[in-house]
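What follows is a single structure, written as structure tokens, with notes after it.
In UniProt numbering, the protein residues as written are 1 to 399.
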């Protein structure tokens, strides 16, 4: 049958009339969406399954009809593991949040093109400033487009902390910026401004969707009563996104992305370990005989893993529990595995905050592990470190 709205709706009516209790749809690219959405809208309990999990026995004929029979048998025996498909409001929020992420990355690529163009014009401003998208650099670019070529006057446009770098800016702004560079710079800035406007509009829309949550969604998130503005009132009168933003390394935008990817209903993930496993932030166990080793974590959700990876990188530079966790692991496992471990810890905190509407994030402190070690053990550790450096230490009790 054709994968059109009319045909699939007619199929849904026939299935409802036949008293079908469960429908299984195999996920293939984006082609599953029309089947899942329309059958779900007809009131049928639909489960989406990964094609890799429902492979038929090798050596048997491969046809669409036989695949359907095989799926029906697996469904009847309850041998399928449904994929996580959030409810429709969260899917809408996810579409907005993912587009904002994509446009933000696209804007970053345009700034990279801008840097390449300035290098072609022998303008080395990127060697002096850390960010090209600052207000000072924007003023300099606008002046260059307007025809200003004097490096001293351009350097005078620096603001704030960039002012002490005046001499370095004069040297960096001395180049061969001509009219064709000015025209290309104007085009790039216009495209960057257009993307910034779309990102701002998406942010407003995402905020509106989070505030317009229905009572059913609030109940599924463990919240009994909405606030005056309709936003979910959770621990301390904060919304779910605001509570997640308190986690070390996260912010308002990253918290919104996480909610858009995993939703508010943590009953879909019985424990934090289930959520971590779904996000592919834990190694796969491989055991054969007496040998047991950890495999790769897997691909997982790229948007969720991306924002958690960025949060882990930020947390690693802080004097907090998560920062100390990174520094403890990086010594023996390396930077990449340490970042994955911190990302996993952040996701565990997220699950606990969303599962308990009264919970708030509390940092355990960078000395958490040190406080739990007894005094004698700490003394032995320090003595061993000094001995490794070639020192002989004699201990005397303090008076």
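Glycine included, each C-beta is placed from N, C-alpha and C at the ideal position. This one's a predicted model, so the numbers in the text were calculated from it and none came from an experiment.
Three-state secondary structure (DSSP) of residue i
i, result
"residue 320", "coil"
"residue 27", "strand"
"residue 197", "helix"
"residue 309", "helix"
"residue 94", "helix"
"residue 409", "Any question about residue 409 goes unanswered here, given that the chain covers just 1 to 399."
"residue 164", "helix"
"residue 177", "coil"
"residue 228", "Confidence is the limiting factor: at residue 228 the pLDDT is only 49, short of 50, which leaves the residue's position unreliable, though a coordinate-based value still follows. Three-state result, residue 228: coil."
"residue 391", "coil"
"residue 43", "coil"
"residue 381", "helix"
"residue 352", "helix"
"residue 81", "coil"
"residue 404", "An answer regarding residue 404 cannot be provided, because it is not within the stretch 1 to 399 covered by the chain."
"residue 253", "helix"
"residue 362", "coil"
"residue 261", "helix"
Buried/exposed call for residue i, threshold 16 Cβ in 10 Å
i, result
"residue 122", "exposed"
"residue 20", "exposed"
"residue 234", "Below a pLDDT of 50, predicted positions are generally treated as unreliable, and residue 234, at 45, falls in that range; the measurement from the model is reported next regardless. Counting Cβ neighbours within 10 Å, residue 234 comes out buried, since at least 16 surround it."
"residue 305", "buried"
"residue 181", "buried"
"residue 345", "buried"
"residue 225", "For residue 225, the predicted structure reports a pLDDT of 44, less than 50, and the residue's modelled location is therefore unreliable. The matter cannot be settled from this model."
"residue 90", "buried"
"residue 325", "buried"
"residue 291", "exposed"
"residue 338", "buried"
"residue 69", "exposed"
"residue 185", "buried"
Residues that residue i bridges to, as DSSP identifies them
i, result
"residue 294", "285"
"residue 48", "25"
For residue j and residue i, the rounded distance between their alpha carbons
i, j, result
"residue 335", "residue 322", "14 Å"
"residue 365", "residue 238", "23 Å"
"residue 271", "residue 351", "8 Å"
"residue 106", "residue 242", "27 Å"
"residue 14", "residue 87", "24 Å"
"residue 312", "residue 198", "27 Å"
"residue 17", "residue 284", "43 Å"
"residue 177", "residue 104", "28 Å"
"residue 257", "residue 140", "34 Å"
"residue 240", "residue 354", "7 Å"
"residue 378", "residue 386", "12 Å"
"residue 175", "residue 369", "54 Å"
"residue 295", "residue 280", "11 Å"
"residue 206", "residue 316", "28 Å"
"residue 263", "residue 116", "40 Å"
"residue 383", "residue 393", "7 Å"
"residue 309", "residue 131", "21 Å"
"residue 72", "residue 359", "42 Å"
"residue 320", "residue 361", "13 Å"
"residue 97", "residue 380", "51 Å"
"residue 189", "residue 127", "20 Å"
"residue 171", "residue 357", "56 Å"
"residue 397", "residue 390", "22 Å"
"residue 219", "residue 137", "Here residue 219 scores only 38 on pLDDT, less than 50, and its place in the model is too uncertain to base an answer on."
"residue 94", "residue 265", "15 Å"
Residue i and residue j closer than 8 Å at C-beta
i, j, result
"residue 12", "residue 39", "yes"
"residue 348", "residue 276", "yes"
"residue 8", "residue 35", "yes"
"residue 318", "residue 267", "no"
"residue 75", "residue 28", "no"
"residue 154", "residue 173", "yes"
"residue 92", "residue 209", "yes"
"residue 203", "residue 100", "yes"
"residue 251", "residue 260", "no"
"residue 118", "residue 129", "no"
"residue 340", "residue 297", "yes"
"residue 22", "residue 45", "yes"
"residue 51", "residue 26", "yes"
"residue 37", "residue 3", "no"
Chain C within 8 Å of residue i, Cβ atoms only
i, result
"residue 307", "The chain labelled as chain C is not found in the depicted structure, where only one protein chain is given."
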